[in-house]
Amino acid sequence: MYSAGDVRIENVPDPQIIEPTDAVIRVTRACVCGSDLWPYQKMEHIETGRVMGHEAIGVVEDVGADVRTIKRGDFVIMPFAFSDGTCVFCHDGLQTSCIHGGFFGTTEVAGAQAEAVRIPLADGTLFPVGAHADDALMASLLTLSDVMGTGHHAAIIAKVTAGKSVAVVGDGAVGLCGVIAAKRLGAEQIIILGRHADRIALAKDFGATDAVSERGGAAVERVRELTGGYGVHSVLECVGLEQAMNTAISIARPGGAVGRVGVPQEQTIPGSEPAFYNNVTVGGGPAPVRAYIEELLPDVLEGNIEPGRVFDRTVGLDGVPDGYRAMNDREVIKVMVTP
Ligand SMILES: [Zn+2]
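Start counting the sequence shown at 258; every next residue gets the next number (the numbering used here).
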């Protein structure tokens with residue numbers, strides 16, 4: 258990506274091992290993220306461009322001399338952040354705050370919408386999928402690199418547990434995975450806030466019990482009606498815009514919690530007063546998806562959850578620029594890339 262709206266497919270030198278802790282993986286599936294749409298809409302021109310993409314699964318092609326657990330030929334999940342797996346924050350299960358870590362698809366570290374990608378700190382970063390995974394599971398395995406783990410993180414931060422009422426703000430891939438996560442954690446009522454009929458239908462397949470298509474004050478009123486006038490215990494904020502955050506805080510019941518995973522597009526968090534007077538906990542941030550793979554993988558392998566259903570278009574590398582356009586136009590939910 259060179260600037261907003263300008264995505265090109267180019268031939269670049271093959272990624273190489275630079276540090277002895279690196280690996281190189283051949284990407285078998287990657288995808289376009291809802292968060293890639295923010296630079297797609299706003300990025301200033303940069304001369305060198307930025308190799309995009311932070312979600313992938315693939316096969317390890319090469320490892321550096323100090324890589325111990327990851328081996329050539331391993332089939333791996335690449336979380337959207339790299340991490341050493343050994344620092345104090347990695348031990349706390351917050352790999353997205355790793356003191357040696359960082360994110361793929363930035364101007365410093367090339368991304369995964371590519372045939373191959375260099376993986377810093379391979380032992381800490383990559384998750385080898387031991388099982389012989391069926392081709393039909395690939396889409397769902399790919400979601401463990403970001404959106405499924407991110408939806409799960411929102412649910413954990415929003416304190417979803419059995420019997421709770423939950424609202425999910427946003428019907429993009431993360432919001433839909435948030436519905437899966439809430440259902441999986443035993444939520445009794447799951448309200449999806451969104452306005453696309455196809456996405457709401459999928460949300461209901463995933464376990465949503467109600468849908469609210471209004472916005473702003475009307476949405477708040479509707480959620481209150483659906484919850485005996487009180488609001489929900491848990492809100493998953495999966496958009497990142499001011500209005501979505503405002504709605505999220507306003508539909509939490511007193512003592513409730515908001516888990517925010519939408520990348521914020523404003524400097525301040527709105528809803529300070531209702532959050533204060535209702536004792537609403539507001540938390541969240543980049544999901545430590547590396548920490549969640551272990552927990553979520555068995556349910557994917559056993560087919561108990563099918564987050565891969567959020568992909569409704571598959572393209573080759575040449576189709577990636579149009580994939581961005583289609584996601585940005587809300588023509589599709591999420592685009593999978595098979596390099
Ligand atoms: Zn670390």
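We put the CB at the ideal spot given by N, CA and C, even for glycine.
In this structure PRO564 touches MET405 by the C-beta definition: roughly 4 Å separates them, less than 8 Å.
Of all alpha-carbon atoms in GLU471, GLY486 and ILE376, the one lying nearest the alpha-carbon of GLN500 is that of GLU471. In this chain, SER292 is not harboured by any alpha helix (DSSP H), its DSSP state being neither H nor E. Three or more beta-carbon pairs drawn from the segment 405–421 and the segment 430–441 are found closer than 8 Å, and the two stretches are therefore classed as touching.
Per the Cβ contact rule, the segment 368–386 is in contact with the segment 295–314 (3 or more Cβ pairs under 8 Å). DSSP, read as helix, strand or coil, puts GLU494 in strand. Within the segment 523–573, the complete alpha helix (DSSP H) segments of 4 residues or longer fall at 529–534 and 546–558, listed in chain order. Measuring C-alpha to C-alpha distances from ASP319 to each of ALA313, PRO377, PHE361 and THR343 identifies PRO377 as the nearest. Taking a contact as a CB-CB distance under 8 Å, the pair VAL557 and LEU398 counts as one, their CB atoms being some 6 Å apart. In this chain, the alpha helix (DSSP H) harbouring MET395 covers 395–400. Uninterrupted alpha helix (DSSP H) stretches at least 4 residues long and entirely within the segment 457–486 occur at 473–483, given in chain order.
Linking SER340 to LEU294 through their CA atoms gives a straight-line distance of about 24 Å. Between the segment 540–558 and the segment 570–578, the count of Cβ pairs shorter than 8 Å is below three; the stretches do not touch. Of all residues, those with a beta-carbon under 7 Å from at least one heavy atom of ligand 1 are SER340, ASP341, GLY342, THR343, CYS344, PHE346, CYS347, GLN352, CYS355, ILE356, HIS357, GLY358 and GLY381, reported in chain order.
Under the rule that a run must span 3 or more residues, the beta strand (DSSP E) segments found entirely inside the segment 340–410 read 373–376. Sequence-distant partners of ALA430 (beyond 5 residues in either direction) whose C-beta falls short of 7 Å from its own C-beta, in its chain, are GLY291, VAL404, VAL567, ILE590 and LYS591. Taking the CA atoms as reference points, GLY541 sits about 12 Å from MET502. Distance from the CA of PRO578 to the CA of GLU304, rounded to the nearest whole angstrom, comes to 18 Å. Note on ILE413: 16 or more other CB atoms within 10 angstroms of its CB, so buried under the neighbour-count rule. Under the three-state reduction of DSSP output, ARG510 falls in the strand class.
Taking 8 Å as the cut-off, the beta carbon of HIS490 is found closer than this to the beta carbon of GLY513. For VAL520 against GLU494, the beta-carbon gap comes to about 11 Å, at or over 8 Å, which does not count as contact. Bridge partners of LYS591 according to DSSP: PHE568.
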